[in-house]
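In what follows, a structure is listed as structure tokens, so that the remarks can point back to it.
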Ligand code: SF4
Ligand code: SF4
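Residue numbers (the numbering used here), protein chains in the order written: chain A, -1 to 502; chain B, 907 to 978.
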């Protein structure tokens, strides 16, 4: 197995965050950048790929599937569906004991120095399996204290475990909250199991909503960071999620992650079987924009499988299956991990500084222009993926304020064994047809032409350079070309969202 | 006495195992089973059979017709 190698490029920092002429809380950083957050919060989130958009380029997470039982039923989940060919959030193909899970964490940490976070997210509910969940945390803490712990829950059992969560130094909790109104809730949750009884309908939704809010308040009162996940279900809770956003914001949630419903008939979920559709990329973005306000909204979520391993957008879980881990000899090197993380810190500062420097003069030129572009990257904040090898594209919005990450689009690899396939290219194009350009490390002539015909410019000039800085540099040129008439702004498509959790 | 788990339906999620007040449920060769002599149908503990209430799969935990109902 080969560790990921981060190329080091010559780079002269041109000025820090303060250099753009502002005092203190300048325009440093985007959605989850340093400048927007109190220092103690930044310390907690800066290396967490799920909490910080910047961190997700550099750091890795893994989930250990020690919690198979659940205490509620959701219409977007089919508990029977547990197959390694297919996957979606919360589904896992192997179950782990706490002991094996802890060993797996050490094995992965030794192999992938980017690993900073271990989470328990299912396939059931972390808090419906409290013994297994907390035993696992205890074992990880005693052997790898530098790793951060987080858990995900539906919130039903949460108020009973807030103290335990604090005692085990879990510093991030994710609660899935899809509604605060039981009338909406009864269309999402057929039943819950609470106080030794199965509850259905509005009663069930009411209890769940109350327990979620109570748990959220208790956690934030203790200073534990809470991220709220919401599944956007068109026609069920899409409008209502604005109210949910208000409710969780006012109770101190740190981040709100609105995710598209995953719903395909072959998943066998209630929604899948009854034809409930998921949202388009545009619908999702519109709702996210509506909710953004002064709260951090997470747009980089990949809806990982419950046993995902690696950077967001990649899954190396196949290298760490139960059998392989059981047979492994683990060599945990805390110093190597520290060195890597220090390197990344420097690299991130450089990238931010580079973008800030590039911003000079943009505001006047850009006016109200607003352009989406797609980027092929395999991490580290650089344009470093071949067009044909990209399993996803990251989408950035370019405005007078610079480049902002707004989402990602998963696609099939265009290059399958050396030759591209026309059909795949079409789906790639439809996934990014709302973008004016796609930035790649390299691209073949044919796909480049086809993209051009679809109104998408393929840009190779910035291969292996910093993403944000490159985008801003290109944006300036693009604006100039628009002015001179060399480029024309065209009507763009909707950007179709691929269904299913990320599998590499 | 009379509850049983239909092995083909069971997802091995272990939810029932945790809820059983009589420790009557355990994993055996990759699937969960109810020990008939320990199951009291939850009588004396709860109004409803916990394993039935918590199981995510419909008709996975069912009455075992071959056995007499539990009498306290
Ligand atoms: S009915 Fe009650 S006692 Fe019997 S197996 Fe189920 S949970 Fe246990
Ligand atoms: S709750 Fe149902 S599916 Fe889960 S282990 Fe028990 S019988 Fe099997």
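Ideal placement from N, C-alpha and C gives every residue a C-beta, glycine not left out.
If we count the other Cβ atoms within 10 Å of its Cβ and call it buried at 16 or more, is residue 482 of chain A buried or exposed?
So residue 482 of chain A ends up on the exposed side.
Applying a beta-carbon distance threshold of less than 7 angstroms, which residues of chain B neighbour residue 194 of chain A?
952 and 956
Near residue 199 of chain A, what residues of its chain come up, given a Cβ to Cβ distance below 6 angstroms and the 5 sequence neighbours on each side ignored?
184
Given 8 angstroms, three or more beta-carbon pairs between the segment 954 to 968 of chain B and the segment 907 to 922 of chain B
yes
Would you report the Cα separation of residue 976 of chain B and residue 950 of chain B, rounded to the nearest angstrom?
11 angstroms
By how many angstroms is the C-alpha of residue 252 of chain A removed from the C-alpha of residue 382 of chain A?
31 angstroms
Partner residues on chain B for residue 122 of chain A, Cβ-Cβ distance less than 9 angstroms:
What residue 122 of chain A touches in chain B: 919, 920, 921 and 962.
Verify whether the separation of the beta carbon atoms of residue 370 of chain A and residue 390 of chain A is less than 8 angstroms.
no
Express the C-alpha separation of residue 354 of chain A and residue 82 of chain A in angstroms, rounding to a whole number.
With a pLDDT of 34 at residue 82 of chain A, under the threshold of 50, the modelled position of this residue cannot be trusted, and the question is left open.
Using the three-state DSSP reduction, which class does residue 17 of chain A fall into: helix, strand or coil?
Residue placement at residue 17 of chain A is poorly supported in this model, since its pLDDT is 29, which falls under 50; the coordinates still yield a value, given next. Note: residue 17 of chain A maps to helix in three-state DSSP.
Quick check on the DSSP output: the alpha helix (DSSP H) that includes residue 269 of chain A runs from which residue to which?
Taken as a continuous stretch (DSSP letters only), the alpha helix (DSSP H) holding residue 269 of chain A covers 268 to 272.
Ligand 2 and residue 930 of chain B: does the residue's C-beta get closer than 7 angstroms to at least one heavy atom of that ligand?
no
From this set, B:921, B:925, B:946 and B:913, which residue's C-alpha is nearest residue 935 of chain B's C-alpha?
B:913
Only counting the same chain, and skipping five residues up and downstream in sequence, which positions put a Cβ closer than 7 angstroms to that of residue 474 of chain A?
360 and 363
Any C-beta of chain D sitting closer than 8 angstroms to the C-beta of residue 324 of chain A?
Absent from the structure: chain D. Protein chains present are A and B.
For the alpha helix (DSSP H) holding residue 922 of chain B, just list the boundary residues, first then last.
921 to 925
Limits of the alpha helix (DSSP H) - the one that residue 444 of chain A falls within:
443 to 451
By Cβ distance below 8 angstroms, which residues in the same chain neighbour residue 416 of chain A in space, the five residues on each side in sequence not counted?
Only weak support is given to the placement of residue 416 of chain A: the predicted model assigns it a pLDDT of 44, under 50, and the question is left unresolved by the model.
Find the residues of chain B that neighbour residue 68 of chain A, judging by a C-beta separation of less than 8 angstroms, and give them in chain order.
919, 921 and 962
Based on the DSSP output, what are the partners of residue 258 of chain A in its beta bridges?
A:230
Let me see if you follow: with CB-CB separation under 8 angstroms, is residue 155 of chain A close to chain B or not?
no
What does a CB cutoff of less than 7 angstroms around residue 246 of chain A pick up in its chain, not counting 5 residues either side in sequence?
175, 214, 226 and 254
I'd like the span of the alpha helix (DSSP H) that includes residue 205 of chain A, first residue to last.
Residues 199 to 219.
Give a single yes or no on whether residue 65 of chain A has its beta carbon closer than 7 angstroms to a heavy atom of ligand 2.
no
By DSSP's criteria, residue 191 of chain A is part of a beta bridge. Which residues make up the other side?
A:196
Looking at ligand 2, does it come within less than 7 angstroms of residue 938 of chain B, judged from the CB to the closest heavy atom?
It does: the Cβ of residue 938 of chain B is within 7 angstroms (strictly closer) of some heavy atom of ligand 2.
Of the residues A:182, A:70, A:218 and A:427, which one's Cα is nearest the Cα of residue 447 of chain A?
A:427
Does the beta carbon of residue 924 of chain B sit closer than 8 angstroms to a beta carbon anywhere in chain A?
With 8 angstroms as the cut-off, residue 924 of chain B counts as an interface residue toward chain A.
Under 8 angstroms: do the segment 202 to 211 of chain A and the segment 262 to 282 of chain A share three or more Cβ pairs, one atom per stretch?
Taking 8 angstroms as the limit for Cβ pairs, the verdict is that the segment 262 to 282 of chain A does not touch the segment 202 to 211 of chain A.
Verify the contact flag: residue 925 of chain B, CB atom, against every heavy atom of ligand 1, threshold strictly below 7 angstroms.
yes
Take residue 197 of chain A as the anchor and find which of A:377, A:222, A:154 and A:159 has the nearest alpha-carbon.
A:154
Are there any heavy atoms of ligand 2 lying less than 7 angstroms away from the beta-carbon of residue 461 of chain A, as far as the coordinates show?
no
Same chain, Cβ closer than 7 angstroms to residue 99 of chain A, five either side skipped, listed in chain order
62, 64 and 134
6 angstroms Cβ shell around residue 927 of chain B - same chain, five flanking residues per side excluded
951
Using a cut-off of 8 angstroms between C-beta atoms, extract the partners of residue 71 of chain A located in chain B.
What residue 71 of chain A touches in chain B: 962.
If you measure from the beta carbon of residue 191 of chain A to each beta carbon in chain B, is any gap under 8 angstroms?
Chain B contact via Cβ: present.
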